[in-house]
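Chemist: Counting in the working numbering, the sequence shown runs from 215 upward without gaps.
My questions all concern the structure below.
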Amino acid sequence: MTDKTTPPSQNSASSIWGGRFAGGPSQLMLDINASISYDKALFRQDIAGSRAHATMLQAAGILTADDLAAITTGLAQIETEIADGIFTFSEALEDIHMNVEARLAELIGDPARRLHTARSRNDQVATDIRLWLRDAIDGLDDQLRALQSALLTQADAHAETVMPGYTHLQTAQPITFGFHLMAYVQMMGRDRSRLADCRKRMNESPLGAAALAGTSHPIDRHQTATLLGFDRPMENAMDAVSARDFAVECMAAAAICATHLSRLAEEIVLWSTDRFTFISLSDAFTTGSSIMPQKRNPDAAELIRAKPGRIIGDLVSLLTVLKGLPLAYGKDMQEDKEPVFDAEASLAVCLAAMTGMIDDMSVNQQAMRAALASGHPAATDLADYLVSALKMPFRDAHHITGRIVSLADTHHCALDELPLSAMQEIEPRLDEAVQTVLSIDHCVAARNSFGGTAPDEVRARIAAARKAFLEG
Ligand code: ARG
Numbered sequence: 215m216t217d218k219t220t221p222p223s224q225n226s227a228s229s230i231w232g233g234r235f236a237g238g239p240s241q242l243m244l245d246i247n248a249s250i251s252y253d254k255a256l257f258r259q260d261i262a263g264s265r266a267h268a269t270m271l272q273a274a275g276i277l278t279a280d281d282l283a284a285i286t287t288g289l290a291q292i293e294t295e296i297a298d299g300i301f302t303f304s305e306a307l308e309d310i311h312m313n314v315e316a317r318l319a320e321l322i323g324d325p326a327r328r329l330h331t332a333r334s335r336n337d338q339v340a341t342d343i344r345l346w347l348r349d350a351i352d353g354l355d356d357q358l359r360a361l362q363s364a365l366l367t368q369a370d371a372h373a374e375t376v377m378p379g380y381t382h383l384q385t386a387q388p389i390t391f392g393f394h395l396m397a398y399v400q401m402m403g404r405d406r407s408r409l410a411d412c413r414k415r416m417n418e419s420p421l422g423a424a425a426l427a428g429t430s431h432p433i434d435r436h437q438t439a440t441l442l443g444f445d446r447p448m449e450n451a452m453d454a455v456s457a458r459d460f461a462v463e464c465m466a467a468a469a470i471c472a473t474h475l476s477r478l479a480e481e482i483v484l485w486s487t488d489r490f491t492f493i494s495l496s497d498a499f500t501t502g503s504s505i506m507p508q509k510r511n512p513d514a515a516e517l518i519r520a521k522p523g524r525i526i527g528d529l530v531s532l533l534t535v536l537k538g539l540p541l542a543y544g545k546d547m548q549e550d551k552e553p554v555f556d557a558e559a560s561l562a563v564c565l566a567a568m569t570g571m572i573d574d575m576s577v578n579q580q581a582m583r584a585a586l587a588s589g590h591p592a593a594t595d596l597a598d599y600l601v602s603a604l605k606m607p608f609r610d611a612h613h614i615t616g617r618i619v620s621l622a623d624t625h626h627c628a629l630d631e632l633p634l635s636a637m638q639e640i641e642p643r644l645d646e647a648v649q650t651v652l653s654i655d656h657c658v659a660a661r662n663s664f665g666g667t668a669p670d671e672v673r674a675r676i677a678a679a680r681k682a683f684l685e686g
């Protein structure tokens, strides 16, 4: 049995913060404290932050030009070592910040020990996560745009493909498949704008806030902000190290987006069942069964349907960590990273798989049209016709149509198969003209109000969406 109170290879105080410590941390302390296994993902941001900080320190006269040159060269080497997978990470050095700094000291000696002037790991980590999330948002935005583009291509190809529109998953009114897909294009557009919104608020620099109260050194926080592409330094040093609402916001946007994707995923699952057969997915996005040779399972769609479980969990996890946490920094906040990384990775894989499935699916137009033969999807059109042709109040028209629907059910036929004479038993003023409004293509073409399902209107909305979402 290993003695859990003293780490096997670490029995002296930390070289980074151990000045007043005689002994080293226990193995258990290292186990609970170390974040390097996951925060090494921040290495590029951490190094960029150090580079900017050093540049500013030199301009402020705190570092010499030689110090800066050594730091810059050393940091570049460390970045390459980590990217090449040859960097030796140490758990005893806790996190990415101390791992980088310790290696820099190994490489260049004294100048490395001056780099931590006027900064703290508290402002460092806050800076790193903001930089990381800013890139992550840009990546997600690109992915969302690609998904919109795939949806727009299918919507354009199917602007006239009729299918049942559902409410309560019961046949409601005829729509086009292109129209249905365009609903998702709009949802993804709002997802993008939510992410863009939090990117804007997030793009302020915590660097130079130091531990929590600022510093007595003559630093220039505006300079580091500019060097790192931030819009400005954060106004309050305590807020700068304590705030994680930017990450919460971003995860909330991710959770909403994942929820949208799960709705589309569920529709793909339904549409590809042998009850619907509206679409089929190729071998690329389905799996077989180990026992049932006939099976083609939409596993990718099912996993996208499931992912909000963990993404919403990630959001709730960070909110729970922050709730009631006193200012300024608390080690609790180290628990922010795994949920943030997990939410981003989960959403990214969902977006990629969804885009692949949308590109890949083939649409069975006959099955979609055939599904309109049941459920009386033209009933609203009949009621609307009674209103416009016979000037009937809509409530009366609704009632008369209900009786005609019930008669069609008795005859086991669709509304457009019901003989005119049978309809006239209920409403004697009806004539042959009623037959035209009952045709599915007519029903769809007639709904040409702004944002409606008529093919011409869908095409106009596709053109507008291409402009709004894909250009510029
Ligand atoms: N690894 C830490 C984190 O992620 C860095 C900040 C540590 N700050 C401190 N005062 N111990 O939050």
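Glycine is no exception: its CB is placed at the ideal position from the N, C-alpha and C atoms.
Out of Y380, G422, G353, which has the shortest C-alpha to C-alpha gap to L409?
Modeler: G353
Chemist: Note down the Cα distance separating Y252 from P591, rounded to an integer number of angstroms.
Modeler: 54 Å
Chemist: Go to T534, then tell me how far its alpha helix (DSSP H) extends in each direction, as first and last residue.
Modeler: 522-536
Chemist: Tell me which same chain residues have a C-beta within less than 7 Å of the C-beta of D337, skipping the five on either side of it?
Modeler: If we look at D337 and ignore the five residues flanking it on each side, its Cβ neighbours are P420, L421, G422, A423, A424, A454, V455.
Chemist: Roughly how many angstroms lie between the CA atoms of G237 and R359, to the nearest whole one?
Modeler: 54 Å
Chemist: Quick check: what's the CA-CA separation for A332 versus I261?
Modeler: 16 Å
Chemist: Pairing CB atoms from the segment 462-480 with CB atoms from the segment 396-413, are three or more of them under 8 Å?
Modeler: yes
Chemist: Under three-state DSSP, which class holds G379?
Modeler: strand
Chemist: Does the segment 361-373 come close enough to the segment 673-681 to have 3 or more Cβ pairs within less than 8 Å?
Modeler: yes
Chemist: Based on the DSSP output, what are the partners of Q384 in its beta bridges?
Modeler: Looking at the DSSP assignment, Q384 forms a beta bridge with T381.
Chemist: Would you report the Cα separation of L277 and G232, rounded to the nearest angstrom?
Modeler: In this structure, the CA atom of L277 is about 24 Å from the CA atom of G232.
Chemist: Below 8 Å CB to CB, which residues in the same chain sit around P669 once its five sequence neighbours on both sides are set aside?
Modeler: A373, E374, T390, G392, V658, A659
Chemist: Give the straight-line distance between the Cα atoms of L361 and A566, rounded to the nearest whole angstrom.
Modeler: 8 Å
Chemist: Under 6 Å Cβ to Cβ from D309, same chain only, skipping five residues before and after it: list those, please.
Modeler: Residues S249, I250, D253 of the same chain have their beta carbon placed closer than 6 Å to that of D309, with the five preceding and five following residues left out of the count.
Chemist: Among the candidates T429, I433, A461, D573, whose CA atom is the shortest distance from the CA of A274?
Modeler: When C-alpha distances from A274 are compared across T429, I433, A461, D573, the shortest belongs to I433.
Chemist: If you compare alpha carbons, which of Q548, Q291, I618, L532 is closest to E639?
Modeler: Looking from the CA of E639, the closest CA among Q548, Q291, I618, L532 belongs to I618.
Chemist: Over what stretch of residues does the alpha helix (DSSP H) that includes D645 continue unbroken?
Modeler: Segment: none, D645 is in no alpha helix (DSSP H) and carries neither H nor E.
Chemist: So, does the segment 572-591 touch the segment 622-634, judging by three or more C-beta pairs under 8 Å?
Modeler: Yes, the segment 572-591 touches the segment 622-634.
Chemist: Considering Cα atoms alone, identify which of A461, A467, V339 is closest to V535.
Modeler: A461
Chemist: Cα-Cα, which of V399, L532, L318, L561 is closest to R680?
Modeler: It is V399 whose Cα lies nearest to the Cα of R680.
Chemist: Would the beta-carbon of Q548 be found less than 7 Å away from any heavy atom of ligand 1?
Modeler: yes
Chemist: Buried or exposed for I505, please, with buried defined as at least 16 other CB atoms from any protein chain shown within 10 angstroms of its CB.
Modeler: exposed
Chemist: What distance in whole Å lies between the Cβ atoms of D573 and A364, which are believed to be in contact at a cut-off of 8 Å?
Modeler: The beta-carbon separation of A364 and D573, rounded to 5 Å, stays under the 8 Å limit for a contact.
Chemist: Quick check: is any heavy atom of ligand 1 less than 7 Å from the C-beta of S494?
Modeler: With a cutoff of 7 Å, S494 does not count as near ligand 1, since its C-beta is closer than that to no heavy atom of the ligand.
Chemist: Could you check whether L345 and L271 sit closer than 8 Å to each other, using their CB atoms as the reference points?
Modeler: No. Outside cutoff.
Chemist: Using only the alpha-carbon positions, how far apart do A603 and V577 sit?
Modeler: 37 Å
Chemist: Short check: CB of G288 to CB of D342, under 8 Å?
Modeler: no
Chemist: Of the choices Q241, T501, I230, D281, whose alpha-carbon is the least far from that of A316?
Modeler: I230
Chemist: Secondary structure at I493, three-state DSSP: helix, strand or coil?
Modeler: Secondary structure at I493: strand, using DSSP grouped into helix, strand and coil.
Chemist: Would L329 and V554 be called neighbours here (beta carbons separated by less than 8 Å)?
Modeler: Cβ distance not < 8 Å, so L329 and V554 don't count as in contact.
Chemist: With a threshold of 6 Å on Cβ separation, who are the neighbours of N450 within its own chain once the five nearest residues in sequence on each side are excluded?
Modeler: none
Chemist: Could you give the DSSP three-state label for W346: helix, strand or coil?
Modeler: helix
Chemist: Applying the criterion that 16 or more other CB atoms from any shown protein chain within 10 Å of the CB defines a buried residue, is T294 buried or exposed?
Modeler: T294 is exposed by the Cβ-count criterion.
Chemist: What three-state label does DSSP hand T220 in the structure shown?
Modeler: Low per-residue confidence applies at T220: pLDDT is 45, beneath 50, and the placement is therefore not dependable, though the value from the model is reported in the following sentence. Coil.
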